[in-house]
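Chains as they are written, first to last, in this note's numbering: chain A, 215 to 461; chain B, 104 to 319.
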């Protein structure tokens, strides 16, 4: 046992050794695998939706319109200074309760956000949108003046400039940040089990609550999170190198 | 608004818990992180390997995994910590891993000439660190440190997941008891925003003060 291998300090009491029993995890592999796929899927959707939000906000800010940029800054600062869990609560518990029972708005919200998974994905998208706005903004800023002048001299309008000059150059500079954001969103799905979304953390918590095996469940989930995050990181680094090459 | 104000005592209890947790985590995490960061740079092969594994593993997992493993794992092996200290330790372990990277980055950006100069003055390792390298690295660290502090304050809300009575817990409890969800959540947004904003402002101010005192 562990006590034989390690000489433990005095405050560790070995009268109650906890026997690790991994069969609780292996007998319920499907929970973990389904959860992992769901977590990846939720973070991927959140990345896509968040990128759309972020792109719109970043370009809205770059137009120089005072009102638009104040709105965008408020959104970004508000979301970035509030915990994700609170956002999730607002979307999951708050929004449907904000309107009286049976009203049209409430029905609409319940049709749009029918499940915990959907609600969490929406909350995560809004959360990701704020971070991605900052990323895209800095990407837009990094496009050098010379490219803009060159585009203008070719007769491109504002939309054309954004579409054909700023966007392609910006995407190359923000690509590493995008993959980092994807990984951190994937890790952020870890709090989703609290509202009953059946992702990887839900599987871990189920092993905890059903069999009182907190360590095995969470350690298995942690290992899966870790390996997946590293896997994603390696794949994306590889992809970035390929893309840099071909441009 | 009155509904929220009527519950101010309970909410204040929760907020105090969050503040206490944050204070412990900020101090413990910073200290551990600084030591680990120095170890990452100057330790021998074994120390470096262990710290690198620690930093990469903790940073690769969601914080919530660390919290659950510490919160349930330590008592399972008979380590008796209070619940508050268990979650504070979990958050500190997480913060220290990020802090170690910040310290490593800042210290390695100090030019090698500073080390050589300090050596030629006869300073040994720890005085050299304390009097020459770290004071110069501190202003560089302030920005990322402030971000980390804001993140850690937001992370104190995860205490609700192991049923600790933090601020989010008290908000959620009162919200679900009375059914006035939105007013409580909006109040929570305001409070979290004010706290996080105060932390980042304070960090920016401190960074400016720091920079004034440094000759580069």
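We put the CB at the ideal spot given by N, CA and C, even for glycine. Because the structure is a prediction, the values reported are computed rather than measured.
Quiz item: If the cut is a Cβ gap below 9 Å, which residues of chain A does residue 253 of chain B touch?
Solution: 294 and 295
Quiz item: Leaving out the 5 sequence neighbours to the left and right, which residues in its chain are closer than 8 Å to residue 212 of chain B when beta-carbon positions are compared?
Solution: 240 and 243
Quiz prompt | Beta-carbon contacts of residue 313 of chain A that lie in its chain and below 8 Å, excluding the five residues immediately before and after | solution = 319, 320 and 323
Self-check item: DSSP-derived helix/strand/coil call for residue 123 of chain B
Solution: helix
Exercise. Would you mind giving the Cβ-Cβ distance between residue 339 of chain A and residue 263 of chain A, rounded to the nearest angstrom? I have them listed as a contact below 8 Å.
Key: 4 Å
Quiz item: In whole angstroms, what is the alpha-carbon distance linking residue 291 of chain A and residue 220 of chain B?
Solution: 43 Å
Exercise. Starting from the Cα of residue 286 of chain A, find the closest Cα among A/300, A/383 and A/271 and give me that residue.
Key: A/271
Quiz prompt | Alpha carbon of residue 390 of chain A to alpha carbon of residue 446 of chain A, nearest angstrom | solution = 12 Å
Quiz item: In chain A, what lies closer than 7 Å to residue 237 of chain B by C-beta?
Solution: Going along chain A, no residue has its Cβ under 7 Å from residue 237 of chain B, so there is no contact; the nearest lies around 28 Å.
Quiz prompt | Minimum Cβ-Cβ distance from residue 319 of chain B to chain A less than 8 Å | solution = Low confidence applies to residue 319 of chain B: its pLDDT is 45, below 50, so where it sits in the model is not reliable enough to give any reading.
Quiz item: So is residue 443 of chain A in contact with chain B if we call contact Cβ pairs under 8 Å?
Solution: yes
Quiz item: Hey, is residue 125 of chain B's beta-carbon within less than 8 Å of any beta-carbon in chain A?
Solution: no
Quiz item: Along the region 388-405 of chain A, what residues have a CB closer than 9 Å to any CB found in chain B?
Solution: 397, 400, 401, 402, 403, 404 and 405
Self-check item: Interface residues of chain B facing residue 429 of chain A [CB-CB closer than 8 Å]
Solution: 172, 175, 176 and 179
Exercise. Pair every Cβ in the region 282-298 of chain B with every Cβ in the region 153-160 of chain B, then say whether three or more of these pairs are closer than 8 Å.
Key: no
Quiz item: From B/165, B/237 and B/276, pick the residue whose C-alpha is nearest to that of residue 441 of chain A; which is it?
Solution: B/165
Exercise. Could you have a look at residue 146 of chain B and say whether DSSP puts it in helix, strand or coil?
Key: coil
Practice problem: Could you spell out where the alpha helix (DSSP H) holding residue 253 of chain B opens and where it closes? | Solution: 237-258
Practice problem: Would you mind listing the alpha helix (DSSP H) stretches within the region 232-283 of chain A that are 4+ residues and don't spill past its ends, in chain order? | Solution: 237-240 and 243-276
Exercise. Answer with buried or exposed for residue 245 of chain A, where buried requires no fewer than 16 other C-beta atoms within 10 angstroms of its C-beta.
Key: buried
Practice problem: Answer yes or no: does any C-beta atom of chain A fall closer than 8 Å to that of residue 246 of chain B? | Solution: no
Quiz item: What residue range is occupied by the uninterrupted alpha helix (DSSP H) comprising residue 390 of chain A?
Solution: 381-402
Practice problem: Closer than 7 Å by C-beta to residue 461 of chain A: which residues in its own chain qualify, once you throw out the five before and the five after it? Chain order, please. | Solution: Note that residue 461 of chain A scores a pLDDT of 46, beneath 50, so its modelled location is shaky; the value from the coordinates is reported in the next line. Around residue 461 of chain A: 386.
Quiz item: Is there contact here, the region 325-343 of chain A with the region 272-279 of chain A, by at least three beta-carbon pairs under 8 Å?
Solution: no
Quiz prompt | Assigned secondary structure, residue 426 of chain A (DSSP; H/G/I helix, E/B strand, else coil) | solution = coil
Quiz item: Do residue 271 of chain B and residue 297 of chain A have their C-beta atoms closer together than 8 Å?
Solution: yes
Quiz item: If we call anything under 8 Å between Cβ atoms a contact, is residue 325 of chain B one with residue 198 of chain B?
Solution: No answer is possible for residue 325 of chain B: the residues shown for chain B start at 104 and end at 319.
Practice problem: Kindly indicate which residue of B/209, B/248 and B/262 has the alpha-carbon position closest to the one of residue 236 of chain B. | Solution: B/209
Quiz prompt | Separation of residue 238 of chain B from residue 251 of chain A, as counted between CA atoms | solution = 46 Å
Quiz item: When the cut-off is 8 Å and only beta carbons count, does residue 49 of chain B lie next to chain A?
Solution: For residue 49 of chain B there is no data in the structure shown, the boundaries of chain B being 104 and 319.
Practice problem: Measuring only between beta-carbons, confirm whether residue 538 of chain A sits less than 8 Å from chain B. | Solution: Since the first residue of chain A shown is 215 and the last is 461, residue 538 of chain A is not available in this structure.
Practice problem: Count the C-beta pairs between the region 251-261 of chain A and the region 408-416 of chain A that are closer than 8 Å, then say yes if the count reaches three, no if not. | Solution: yes
Quiz item: Mind checking if residue 236 of chain A is an interface residue toward chain B, Cβ cutoff 8 Å exclusive?
Solution: no
Practice problem: Specify the secondary structure class of residue 113 of chain B as computed by DSSP and reduced to three states. | Solution: helix
Quiz item: Where does residue 82 of chain B sit, in a helix, a strand or coil, going by DSSP?
Solution: Absent from the model: residue 82 of chain B. The displayed extent of chain B is 104 to 319, so no value can be given.
Quiz item: Hey, does residue 245 of chain A have any beta-carbon neighbour from chain B nearer than 8 Å?
Solution: no
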